[in-house]
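There are 2 protein chains.
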Amino acid sequence: MSQLSDTLSNNHDKNIEELKELLRIPSISSSSEHKEDIQKAASWIAGKLKNIGMEHVEIIETKGHPIIYADWIHQENAPTVLVYGHYDVQPVDPIELWKTPPFEPDVRDEKIFARGATDDKGQMFLHIKAVETLMESEGKLPVNIKFCIEGEEEIGSPNLPAFLNENKEKLSCDVVLISDTDMWDKGVPAITCSLRGLCALEFTLKTANSDLHSGMFGGGVQNANHLLVQLLSTLHDSNGKVNVDHFYDDVQELTDLEKQQIEELGFDEEKLKQSLGLTDLTGGEQNYPYRERTSSRPTLEINGMWGGFQGEGTKTVIPNEAHAKITCRLVNNQNPKKIQESLKKHLEEHAPKGCTVKVTLQDTGYPFLTPIDSPMIQKAAEAYQNVYGNPPVYKREGGSIPIVTDFNQSLNAPVVLMGFGLPGENLHAPNEHFHLENFDMGILTICTFLELIHQ
Amino acid sequence: MSQLSDTLSNNHDKNIEELKELLRIPSISSSSEHKEDIQKAASWIAGKLKNIGMEHVEIIETKGHPIIYADWIHQENAPTVLVYGHYDVQPVDPIELWKTPPFEPDVRDEKIFARGATDDKGQMFLHIKAVETLMESEGKLPVNIKFCIEGEEEIGSPNLPAFLNENKEKLSCDVVLISDTDMWDKGVPAITCSLRGLCALEFTLKTANSDLHSGMFGGGVQNANHLLVQLLSTLHDSNGKVNVDHFYDDVQELTDLEKQQIEELGFDEEKLKQSLGLTDLTGGEQNYPYRERTSSRPTLEINGMWGGFQGEGTKTVIPNEAHAKITCRLVNNQNPKKIQESLKKHLEEHAPKGCTVKVTLQDTGYPFLTPIDSPMIQKAAEAYQNVYGNPPVYKREGGSIPIVTDFNQSLNAPVVLMGFGLPGENLHAPNEHFHLENFDMGILTICTFLELIHQ
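If you read the sequences in order, they're chains B and Y. Per the working numbering, the first sequence starts with residue 5, numbered consecutively. Per the working numbering, the second sequence starts with residue 5, numbered consecutively.
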């Protein structure tokens, strides 16, 4: 490892200069103005992958932005690692809040500032450099490597799932390695071991064939708003538990050890309340602690609802239509499509007398859960420990990254979320940056992981 | 009466031509473009009142459109009648649906078509013609008469209540006579003996200091939509009764006779359901019949509510604000300001933990109730019976006409709502019209009423 470390030190400035080249390309995926920049970024990465000795480098067109594929498969008895990352970035507004221009990378205070510095060009680049470093030191890699780098992550990866399903053989691997998440804190690495899934639907409740006047009809006919309130009030019990049949069927309770691990991470409730401007943290299931509720328990949230008059003043209308949009965060073995159907059934069955309820199913995304004691996770932990001198924290994230489950399910391989970002690096915001401490240490951790799993 | 009848027959064509003159003036009160037309209509009426022998004719400026006053007070021992009406009209959109232009009066099928034909130029004009007819036949009037004709009824009479309060002496009278309502059916007159009052408020419910991400915070913090549903669901019990303390304190049950009268008017429930596109008429208090609920019982309606995301697709947001607008229809002795306060208190006291509720009080209007057996109502009934050969139906309207109560309260005089419109005459809609059968018969009924109360 010390030899790798020396190589990295020697190449540090050159490596940073190369990263700056990539960061200068404004590859904003959501804007059609930047279509050429997207192509430029894809070519840059493909070129770099060739330079470091990767083979079969391809820029694969999709209906949207291209995916870059490359591999190096010369270790018959070693496992195969698929590295995923993305070269597209978020828009830069509000531009006036950037201290230095978002596409003119600037190093200050040991950090490199630019759009994409941490999300995800910077982190993805660590893998390229890890391969290069190993190639330079050893002339070969300890394991087989495949790269799959996309350009649509920031717009929801619309073409990735189909690509995975259509290329299962080409992408087959023993582990998917992704660096697109955060460490716990400076010097304290983290492995995200769980992500919540998602299902969404919306519905419209209808009563009469038009809005009615509350003078003529008030007290006589059903008001769509009243019925919506009745229907929505059936969704949770008084304790905050979701009141939909079969909702919790596939939810496993955390083990005592897991609960203890969450507990040990600590949590400043007062500080959080203050920052959110809340007097209570009383959402969700009241018989679970806050941290568990927001990471390891499923939820049902009414994200939007509306009916009737919203203008200034008064309108004595009895609305004939009301609407709601609902999403659930899901955990463990919950199947988003089954939950969606259970919720649809609940809404239809609990529709009050005198109305119709029309449900439209929307997005779904599976939850992700990697057992902490799985071999790949343990090797990743060992690599972190070796390089950072600290074991990783196992993070259970409340949010959803649907592509993680797509990889997991399409390729039937464990996914290791080995993040090198730090909390507060302003991803999706002005002055995005990446701490350079995690540049060489990140590359070294990846090299170490690849060497560890070779054994 | 037959002499009056002859006079009316002889003058019929001339009278219609005069009404057409008034209908040609596009006195739309809501549009500043028509300010001159408003003045023109006011002048036309003032001139007409002078012509027929009314005295002290004044066009009184207000902050908005002028009020016309006139009187004839020469019967020391007879009662004084104050006639109220309005010369302003509704806008004419959608103009393309008018068969003949709205301000080019057209007579066809015994009806006169024009904006304002029934609401209220046509009906108001009957009173001018009644006075003229009596003057012509008798050289004097059987009672004292005052006219108070305003130009802002279609925009909510913003300046009338203050005018009434500041001119109590000038307007003092024994009865207020208004023709701005409907008959029951062709040939079947009606007196509206009850109108519901109104109170309105809106409120905002707030939780955190910004919308929050349902991945990071879902299951941990309160969702403003959930709390709004909780709060709104406290407003009615499962039987549709309003669940607010003191709401029904001043509501009197109808007498058995009154209930029977409502029953006898008949009601085709199936026809109504069909026309509204409803399978049930299950709004309001389930232990009262439909007709009673919509006319003689108070209500609480959520006219509007909203919170969170209403756009296309999905947004995994936990909204920090939600809103509702509520109006109540009130009856009998209910005091709208007291009800407003009770409702405000209810909302504040039932605000769920973890949110603030800020209530804004809006409009109020008192309910109106005239005892059917009061002498003025009985005389009006007699006049109808004499002219139409049918006794009037006593209508309890579910809607509100706040100025009726303003007259009642400011002048401490009974109000007689003696309507000559027919249901379906398209007031506020294209092809508004007034049936000419009720033109001469209306004038004759008014003459008869004035003669009857002289005795």
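Note that CB positions come from ideal geometry on N, CA and C, so glycine has one too. Being a predicted model, the structure only gives us computed values, none of them experimental.
Since residue i and residue j are thought to touch, with beta carbons under 8 angstroms apart, how far apart are those beta carbons, to the nearest angstrom?
i: B:Arg-119; j: B:Glu-436; result: 6 angstroms
i: B:Ser-218; j: Y:Glu-305; result: 5 angstroms
i: B:Thr-298; j: Y:Gly-224; result: 4 angstroms
i: Y:His-78; j: Y:Lys-144; result: 7 angstroms
i: Y:Gln-366; j: Y:Glu-206; result: 6 angstroms
i: Y:Gln-338; j: Y:Pro-375; result: Not a contact, Cβ separation roughly 17 angstroms.
i: B:Trp-310; j: Y:Met-309; result: 7 angstroms
i: Y:Ile-72; j: Y:Leu-53; result: 7 angstroms
i: B:Ala-326; j: B:Leu-454; result: Their Cβ separation, rounded to whole angstroms, is 56 angstroms, which puts B:Ala-326 and B:Leu-454 out of contact at 8 angstroms.
i: Y:Phe-271; j: Y:Tyr-292; result: Rounded, the Cβ-Cβ distance is 13 angstroms, inconsistent with contact.
i: Y:Ile-153; j: Y:Ile-56; result: So it is not a contact: roughly 13 angstroms between Cβ atoms.
i: Y:Ile-116; j: Y:Pro-109; result: 6 angstroms
i: B:Thr-137; j: B:Ile-457; result: Rounded, the Cβ-Cβ distance is 16 angstroms, inconsistent with contact.
Chain Y beta carbons: is any one of them nearer than 9 angstroms to that of residue i?
i: B:Lys-319; result: yes
i: B:His-78; result: no
i: B:Pro-302; result: yes
i: B:His-230; result: yes
i: B:Pro-323; result: yes
i: B:Arg-186; result: Correcting the residue type first, residue 186 of chain B is Asp in the shown sequence and not Arg. For B:Asp-186, the answer is no, since every Cβ of chain Y falls outside 9 angstroms of its Cβ.
i: B:Asp-367; result: yes
i: B:Thr-374; result: no
i: B:Met-139; result: no
i: B:Glu-305; result: yes
i: B:His-208; result: In the sequence under discussion, the amino acid at residue 208 of chain B is Thr, which differs from the His named in the question. No, B:Thr-208 lies away from the interface with chain Y (no Cβ there is under 9 angstroms from its Cβ).
i: B:Arg-28; result: no
i: B:Ser-378; result: no
i: B:Glu-161; result: Before going further, note that residue 161 of chain B is Ser rather than Glu in the sequence given. No, its Cβ sits nowhere closer than 9 angstroms to a Cβ of chain Y.
i: B:His-1; result: This structure leaves residue 1 of chain B out entirely; chain B is present only between 5 and 459.
i: B:Ala-74; result: no
Using the beta-carbon of each residue, which ones in chain B are nearer than 9 angstroms to residue i?
i: Y:Glu-257; result: Within chain B, no residue comes near Y:Glu-257; the closest Cβ sits about 15 angstroms away, beyond 9 angstroms.
Starting from residue i, find everything on chain Y with Cβ-Cβ shorter than 7 angstroms and list it in chain order.
i: B:Arg-400; result: Ordered by position in chain Y, no residue passes the 7 angstroms Cβ test against B:Arg-400, which lies about 12 angstroms from the chain.
i: B:Val-225; result: Leu-280, Leu-282, Leu-285 and Gly-287
Could you pull the DSSP bridge partners for residue i from this structure?
i: Y:Ile-153; result: Y:Ile-72 and Y:Gly-89
i: B:Ile-32; result: B:Val-93
i: Y:Ala-385; result: DSSP lists no partner for Y:Ala-385.
i: Y:Leu-235; result: DSSP, once it has assigned bridges, lists no residue as partnering Y:Leu-235.
i: Y:Gly-308; result: B:Gly-312 and Y:Lys-329
i: Y:Cys-203; result: Y:Cys-332 and Y:Thr-368
i: Y:Phe-117; result: Y:Asp-110 and Y:His-437
i: B:Thr-259; result: Answer by DSSP bridge pairing: none, since B:Thr-259 is not bridged.
List the residues of chain C that residue i touches, going by C-beta distances under 8 angstroms, in chain order.
i: B:Lys-341; result: The chain labelled as chain C is not found among the protein chains of the depicted structure, namely B and Y.
Taking 9 angstroms as the CB-CB cut-off, is residue i touching chain B?
i: Y:Ala-204; result: yes
i: Y:Glu-461; result: In this structure chain Y extends from 5 to 459, so residue 461 of chain Y is not present and cannot be described.
i: Y:Arg-112; result: no
i: Y:Asn-336; result: no
i: Y:Ala-134; result: no
i: Y:Glu-40; result: no
i: Y:Thr-211; result: yes
i: Y:Lys-348; result: no
i: Y:Ser-198; result: no
i: Y:Thr-449; result: no
i: Y:Gln-314; result: yes
i: Y:Gln-234; result: yes
i: Y:Ser-33; result: no
i: Y:Ala-194; result: no
So which residues of chain B does residue i contact, with C-beta pairs closer than 7 angstroms?
i: Y:Ser-404; result: Gly-219
i: Y:Thr-331; result: Ser-218, Thr-318 and Thr-320
If the cut is a Cβ gap below 8 angstroms, which residues of chain B does residue i touch?
i: Y:His-240; result: His-230
i: Y:Tyr-294; result: Gly-224
i: Y:Ser-237; result: Val-233, Gln-234 and Ser-237
Mind listing the chain Y neighbours of residue i? Cutoff is C-beta to C-beta under 9 angstroms, in chain order.
i: B:Val-408; result: By Cβ distance, chain Y contributes nothing, its closest Cβ being about 13 angstroms from B:Val-408, past 9 angstroms.
i: B:Lys-357; result: Thr-283, Asp-284 and Thr-286
i: B:Gly-308; result: Asn-229, Trp-310, Gly-311, Gly-312, Phe-313, Gln-314, Gly-315, Lys-319, Val-321 and Pro-323
Please compile the residues from chain Y whose C-beta is within a distance smaller than 8 angstroms of the C-beta of residue i.
i: B:Thr-298; result: Met-220, Phe-221, Gly-222, Gly-223 and Gly-224
Quick check on the DSSP output: what are the complete alpha helix (DSSP H) runs of length 4 or more inside the stretch 157 to 198 of chain Y, in order along the chain? 164 to 170 and 172 to 175
Going along the chain, which unbroken runs of the beta strand (DSSP E) with 3 or more residues stay wholly within the stretch 370 to 456 of chain Y? 397 to 401, 419 to 421 and 437 to 439
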